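Using the working numbering, read the sequence shown as starting at 9 and increasing by one per residue.
Note that beta-carbon positions come from the ideal geometry of N, C-alpha and C, so glycine has one too.
For clarity, every value in this text was computed on a predicted model and none was experimentally measured.
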Amino acid sequence: MSSRFDYHFRVQLHDIDAAGVVFFSHTLRHAHDAYEAFMAEMGFSLHDLIEAKQGLPLVHSEADYLRPMRHGDAVKIRLQVERLGDSSFTIAYQFFDSQGDKLARVRTTHVMLDLSNGSSMPLSEELRKSLAAYLE
Numbered sequence: 009m010s011s012r013f014d015y016h017f018r019v020q021l022h023d024i025d026a027a028g029v030v031f032f033s034h035t036l037r038h039a040h041d042a043y044e045a046f047m048a049e050m051g052f053s054l055h056d057l058i059e060a061k062q063g064l065p066l067v068h069s070e071a072d073y074l075r076p077m078r079h080g081d082a083v084k085i086r087l088q089v090e091r092l093g094d095s096s097f098t099i100a101y102q103f104f105d106s107q108g109d110k111l112a113r114v115r116t117t118h119v120m121l122d123l124s125n126g127s128s129m130p131l132s133e134e135l136r137k138s139l140a141a142y143l144e
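What follows is the structure, given as structure tokens:
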């Protein structure tokens, strides 16, 4: 069984749109917050990667909004690696409320980039091994 990474947040007032639910793009922001926490948990600082002239830009994202998230809701994001390629990987995020009901699904694909020339490069063996532990 693969490892799972859980990230928790509470919906804030600034997340809400005029309809009283989380504005769609904020779901992606929360997914990215979970991604950054996940990378840090594995020992990969995005800041350090950038300093080393490497990046992991998001090249694809998709989201399904299943149930509304409202101000004050406690939300858990469960993150797993869905696909691991030579120079890219895809992460699946599932958003749950405090009763365990699924609220949203997000997927993001990231590519390892050499920032000095803008071309893709293979994932490091260390990063590949860390990500593989979370592969579905």
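Using the DSSP secondary-structure output, state which residues sit across from residue i in a beta bridge.
i, result
"residue 100", "88, 115"
"residue 128", "121"
"residue 30", "24"
"residue 143", "89"
Grab the span of the beta strand (DSSP E) containing residue i for me, first residue to last.
i, result
"residue 16", "13-18"
Between which two residues does the alpha helix (DSSP H) containing residue i stretch?
i, result
"residue 124", "Here residue 124 belongs to no alpha helix (DSSP H), and DSSP marks it neither H nor E."
"residue 139", "133-140"
Can you tell me whether residue i is buried or exposed? The criterion is at least 16 other CB atoms within 10 Å of its CB, across all chains shown.
i, result
"residue 132", "exposed"
"residue 21", "exposed"
"residue 74", "exposed"
"residue 38", "buried"
Hey, residue i and residue j: beta-carbon distance below 7 Å or not?
i, j, result
"residue 98", "residue 78", "no"
"residue 144", "residue 70", "no"
"residue 86", "residue 14", "yes"
"residue 121", "residue 65", "yes"
"residue 119", "residue 128", "yes"
"residue 111", "residue 61", "no"
"residue 88", "residue 142", "yes"
Problem set entry | Contiguous alpha helix (DSSP H) assignments of at least 4 residues, all confined to the region 48-95 | Along the region 48-95, the alpha helix (DSSP H) occurs as fully enclosed runs of 4 or more residues at 54-59, listed in sequence order.
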